[in-house]
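**Student:**
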Amino acid sequence: MKNTVRLALLSALLTSSLAQAADLIPIDVHRDANCGCCKKWISHLESNGFKVNDHVEADMSALKQRLGVAPRLASCHTGVIDGKFVEGHVPAEQVMALRKRDDLLGIAAPGMPVGSPGMEMDGKSDAYQVIGLTREGNDVVVADYPAR
1 MKNTVRLALL SALLTSSLAQ AADLIPIDVH RDANCGCCKK WISHLESNGF KVNDHVEADM
61 SALKQRLGVA PRLASCHTGV IDGKFVEGHV PAEQVMALRK RDDLLGIAAP GMPVGSPGME
121 MDGKSDAYQV IGLTREGNDV VVADYPAR
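Right under this line is the structure:
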């Protein structure tokens with residue numbers, strides 16, 4: 001009887017784990033091999049329901065240009081989800097919201113704002129914005145994050 005119970009519990013655990021893995025949202029992240037904050041942002045995404053496909057790139061500038069990331073929006077790494085770019089240290093909640101925004105080509109947290117996901121430093125946080133790039137090429141503020 002004990003073996004039957006153990007087998008049933010193991011089966012339930014495995015089924016639950018497979019279901020959770022199937023629910024993860026895939027995103028490609030392109031980064032430089034030597035970037036530590038990029039790895040921290042990847043961990044942030046993974047902790048928030050994403051399955052990250054990590055791509056180490058030799059020429060991030062060419063990649064950003066190909067994806068349509070305007071230089072004014074640039075940061076250190078670039079994600080791609082549902083054909084849209086996610087530039088820099090964008091919080092996972094905004095990446096999720098991007099999936100519902102057909103009017104945007106992508107979103108960015110320009111630069112490397114202190115306190116954004118992957119850029120945490122001793123509880124300090126600069127104010128920053130997440131900027132969306134419309135299909136017409138205009139910038140729109142998608143989210144404001146205040147200084148703390």
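Each residue of the sequence shown is one higher than the last, beginning at 1 in our numbering. Cβ atoms here follow ideal geometry from the backbone N, Cα and C, with glycine treated the same way.
Can you give the beta carbon distance from His-89 to Met-112, rounded, assuming they're within the 8 Å contact cut?
**Tutor:** The residue labelled residue 89 in the question sits at position 89 within the sequence shown. The residue labelled residue 112 in the question sits at position 112 within the sequence shown. Contact holds; Cβ gap of about 6 Å.
**Student:** Short check: CB of Val-52 to CB of Leu-63, under 8 Å?
**Tutor:** As a first step, residue 52 must be located in the sequence shown, where it is residue number 52. As a first step, residue 63 must be located in the sequence shown, where it is residue number 63. No, the Cβ-Cβ distance between Val-52 and Leu-63 is not below 8 Å.
**Student:** Here's the rule I'm using: 16 or more other beta-carbon atoms within 10 Å means buried, otherwise exposed. How should Pro-71 be labelled?
**Tutor:** The residue labelled residue 71 in the question sits at position 71 within the sequence shown. So Pro-71 counts as exposed.
**Student:** Considering Glu-46, what are the terminal residues of the alpha helix (DSSP H) in which it resides?
**Tutor:** Looking up residue 46 in the sequence shown gives position 46. Counting along the chain, the alpha helix (DSSP H) containing Glu-46 begins and ends at 36 to 46.
**Student:** Please name the residue in Tyr-145, Ile-107 and Glu-136 whose C-alpha comes closest to that of Ser-125.
**Tutor:** Numbered from its first residue, the sequence shown carries residue 125 at position 125. Nearest C-alpha to Ser-125: Tyr-145.
**Student:** To which residues of the same chain is Gln-94 closer than 7 Å at the C-beta, ignoring the five residues directly before and after it?
**Tutor:** Numbered from 1 along the sequence shown, position 94 holds the residue referred to as residue 94. These residues qualify, in order along the chain: Ile-107, Val-130, Val-142 and Ala-143.
**Student:** Is it buried or exposed for Val-69, if we count other Cβ within 10 angstroms and need 16 for buried?
**Tutor:** For the purposes of this step, residue 69 is taken as residue 69 along the sequence shown, with counting starting at 1. It is buried - the Cβ of Val-69 has at least 16 other Cβ atoms within 10 Å.
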